[in-house]
Amino acid sequence: MNFRISATPLDLDALKRSLSDVHAGACVTFEGWVRNHNEGKPVLTLEYESYAVLAEREGERILAEARERFPVTAAVCIHRIGHLALGDLAVWAGVSAAHRGAAFDACRYLIDETKARVPIWKKEYYADGATQWINCATRGEFAGAVPPA
Numbered sequence: 471m472n473f474r475i476s477a478t479p480l481d482l483d484a485l486k487r488s489l490s491d492v493h494a495g496a497c498v499t500f501e502g503w504v505r506n507h508n509e510g511k512p513v514l515t516l517e518y519e520s521y522a523v524l525a526e527r528e529g530e531r532i533l534a535e536a537r538e539r540f541p542v543t544a545a546v547c548i549h550r551i552g553h554l555a556l557g558d559l560a561v562w563a564g565v566s567a568a569h570r571g572a573a574f575d576a577c578r579y580l581i582d583e584t585k586a587r588v589p590i591w592k593k594e595y596y597a598d599g600a601t602q603w604i605n606c607a608t609r610g611e612f613a614g615a616v617p618p619a
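The numbering of the sequence shown is our numbering, which starts it at 471 and goes up by one.
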């Protein structure tokens, strides 16, 4: 499985090594970090939740699509769950390919589709004390789904 939901911090060196292939001449990675704002509101921290089995199934579909659309040698995506602080790594995607164009295109496809389709929710904690759950899946099978109880 190359798509995972993780409750623990990610080992970036191991993830990058997982993309290594003698046929690859390019490696492109994406890191998504917890930022201190969203839609004009100051964010202090956030929490991610997911239906892990469904999220990993949808993530594997996205990886398969990327492999079909782009000539890649390897592709991996990991999304964190749990309580994360500002600056923490929330999602990592990486792709290796023979050429940089395919690696860039596949990595963008991978992270864009993951953010749009995988059933992951984030609860934002705002500076004014308010909180809000946000469904990260904006289209596909899980758009509009409610977070786990």
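Cβ atoms here follow ideal geometry from the backbone N, Cα and C, with glycine treated the same way.
Cys577 sits in a helix when the DSSP states are folded into three classes. The C-beta separation of Val588 from Ser566 comes to about 22 Å, leaving the pair out of contact by the 8 Å criterion. Taking Thr601 as the centre and dropping the five residues before and after it, the same chain places the C-beta of Lys593, Glu594 and Tyr595 closer than 8 Å to its C-beta, in chain order. Pairing Cys577 with Ala563 gives a Cβ-Cβ distance under 7 Å. Taking 7 Å as the cut-off, the Cβ atoms of Ile604 and Ile551 do not count as close.
Inside the region 496-554, DSSP marks whole alpha helix (DSSP H) runs of 4 or more residues at positions 522-539, from first to last along the chain. Straight-line measurement puts the Cα of Ala536 at about 10 Å from the Cα of Ile581.
DSSP places Ala567 in no alpha helix (DSSP H) but in the uninterrupted beta strand (DSSP E) bounded by Leu559 to Ala567.
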